[in-house]
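The UniProt record's numbering puts the first residue of the sequence shown at 1, with every later residue one more than the last.
Worksheet: one structure, shown below.
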Amino acid sequence: MSGISHQPFAPTVTELRAGGDRIRRHRHDEHQLVYVSTGVLAVSTAGGRWVASAERAVWLPAGTWHEHRFYGASAFHAVGFDVDSAPLADREPTVIAVSPLLRELLVACTDETLSAPEVRRIRAVLRDQLRRTRQEPIMLPAAEDPRLAEACAIVASDLATPHPLAALASRVGAGERTLSRLFRDEFGMTYPQWRTRLRVFEAMILLAGGTPVTETAHRCGWATTSSFIDTFQRTMGRTPGAYRA
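Spelled out as structure tokens, the structure:
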């Protein structure tokens, strides 16, 4: 998969990937659901970034150009779906919650040792579960305005340093109110909300690579480890320590 820019069919596969591995920008003529039962997968498109983990999978509609990067040793599972029988109606990439049952179905569906009748039965249950699963708006949108894009890059390059909105606006040549409006208009969230989401994303990646919780909190800009644990647990549904384990 790594060196292919276009595939008529979205493959259904299981692959073991090392931290740092990449799958170059490509697209499929079919829908695909991507998931990692271990490790963390960052999925990038023209519209933003999504993160797949043991609790979340990313739905990629047919024709979506995307690329992958793996963090930590990862077990990668991809399931392709014909364009005429999609279990999800979304026309944009989205993150879905992965229940214990859905996890086992995704892993089993990509097991190459199963017979065709077994795979068909598993896929039937998988489709039912996907239609019932909840979606989670966990993504980092890509900025269109160059001032907003520059501001995002500044913050992302040094999460450990606070960047007040006024100072950030001055650096990118915009007024504070203008930059605040750009965050709301393009991302649908305030600057503090976006920065928190960015820090959680980066924390997921660091934890997947084995970085200790306290160091992760410091590198992602939290003043205390306890505040990091609280924010991460509210966002991800479990503590950083449990996530890292």
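Virtual Cβ for every residue (Gly too), placed ideally from N, Cα, C.
Note that the structure is predicted; figures quoted are calculated from it, not measured.
MET241 (DSSP reduced to helix, strand or coil): Residue numbering aside, residue 241 sits at position 241 when the sequence shown is read from its first letter. The question names Met, but residue 241 is Gly in the sequence shown. Here GLY241 sits in helix by DSSP.
Assigned secondary structure, ARG49 (DSSP; H/G/I helix, E/B strand, else coil): Against the sequence shown, residue 49 aligns to sequence position 49. Strand at ARG49.
Alpha-carbon to alpha-carbon, SER170 and HIS68: On the sequence shown, residue 68 is found 68 positions in, with the first residue counted as 1. On the sequence shown, residue 170 is found 170 positions in, with the first residue counted as 1. When rounded, the distance between both Cα atoms is 34 Å.
MET1 - DSSP class collapsed to helix/strand/coil: Here residue 1 corresponds to residue number 1 of the sequence shown, with the count starting at 1. For MET1, the predicted structure reports a pLDDT of 42, less than 50, and the residue's modelled location is therefore unreliable. A value from the coordinates is still provided. The three-state reading of DSSP puts MET1 in coil, since its state is none of H, G, I, E or B.
Per-residue burial, HIS66 [other beta carbons within 10 Å of its own, 16 or more giving buried]: Position 66 of the sequence shown holds residue 66. That one is buried.
Close-in-space but distant-in-sequence residues of the same chain around THR225 (CB under 7 Å, 5 per side omitted): Here the question's residue 225 lines up with position 225 in the sequence shown. For THR225, where only same-chain residues beyond five positions count, the Cβ hits under 7 Å are VAL213, THR214, ALA217.
Contact under 8 Å by Cβ, GLY19 with GLY72: Residue numbering aside, residue 19 sits at position 19 when the sequence shown is read from its first letter. Residue numbering aside, residue 72 sits at position 72 when the sequence shown is read from its first letter. Yes, they are a contact pair.
Distance between VAL43 and ARG244 (C-alpha atoms, nearest Å): Mapped onto the sequence shown, residue 244 falls at position 244. Mapped onto the sequence shown, residue 43 falls at position 43. Rounded to the nearest angstrom, the two C-alpha atoms are 20 Å apart.
Selection from LEU16, ALA10, THR38, THR14 that minimises the alpha carbon distance to ASP29: To locate residue 29, count along the sequence shown from 1; it is residue 29. When each option's Cα is compared against that of ASP29, the closest is ALA10.
The segment 22 to 37 / the segment 96 to 110 touching (three or more Cβ pairs under 8 Å): The count of Cβ pairs closer than 8 Å, one atom from the segment 22 to 37 and one from the segment 96 to 110, reaches three, so the stretches are in contact.
SER44 in three-state terms, based on DSSP: Stepping through the sequence shown from its first residue, residue 44 is reached at position 44. Here SER44 sits in strand by DSSP.
Buried versus exposed, by CB contacts within 10 Å (16 or more), HIS77: Here residue 77 is taken as the residue at index 77 of the sequence shown, counted from 1. By the C-beta density criterion, HIS77 is buried, having at least 16 other C-beta atoms within 10 angstroms.
Beta-carbon proximity list for GLY3, same chain, < 6 Å, skipping 5 on both sides: Counted from its first residue, the sequence shown places residue 3 at position 3. Residue confidence for GLY3 is low, a pLDDT of 46 falling below 50, so the modelled location carries little weight and cannot support an answer.
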